[in-house]
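Following: one structure in structure tokens, then a few remarks.
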Amino acid sequence: MAKQSAPRELGQIAPKLVEVTDDVLFGDVWERVELSPRDRSLVTVSVLAALYRSEQLPYHLGVALENGLTVEELSEAITHLAFYAGWPNAMTAISQLKKIADERAA
559 MAKQSAPREL GQIAPKLVEV TDDVLFGDVW ERVELSPRDR SLVTVSVLAA
609 LYRSEQLPYH LGVALENGLT VEELSEAITH LAFYAGWPNA MTAISQLKKI
659 ADERAA
């Protein structure tokens, strides 16, 4: 997987946020060996879905697929979290996963 980074256009308004995102989050935390990128993606997608962070979720669903998770595994994780994080959160996440899966299949 290519190294992740914050959107460059955000640097115009929040250069420090972009810097720490790139250097600390993606340059350090995501690179730690204690969890695989696949596992980090599963955790990240689950938390974003549970907290209804629908703006960040599509990007991280794509990263999760690139990191080796399957659509079926992501679907199962989202179904599981529906009972803990709420039905609307899960339905939004699964709709976003379907859109990404459909785009990649086309």
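Okay, so the sequence shown: first residue is 559 according to the working numbering, each after it adds one.
In this text, a Cβ means the ideal position worked out from N, Cα and C, and glycines have one as well.
Note that the structure is predicted; figures quoted are calculated from it, not measured.
Around the beta carbon of Arg598, 16 or more other beta carbons lie within 10 angstroms, which makes this residue buried.
When only Cα atoms are considered, Thr650 and Leu609 end up about 11 Å apart.
Per DSSP, Glu613 is not a residue of any alpha helix (DSSP H), being assigned neither H nor E.
One alpha carbon belongs to Glu589, the other to Ala664, and they sit about 31 Å apart.
Rounded to whole angstroms, the separation of the alpha carbons of Ala622 and Trp645 is 22 Å. The alpha carbon of Ala640 has as its nearest neighbour, out of Ser604, Glu631, Tyr617 and Leu655, the alpha carbon of Ser604. For the 7 Å CB-CB criterion, Leu627 and Arg596 form a contact. Rounded to whole angstroms, the Cβ separation of Gln654 and Leu619 is 6 Å, and the two are in contact under 8 Å.
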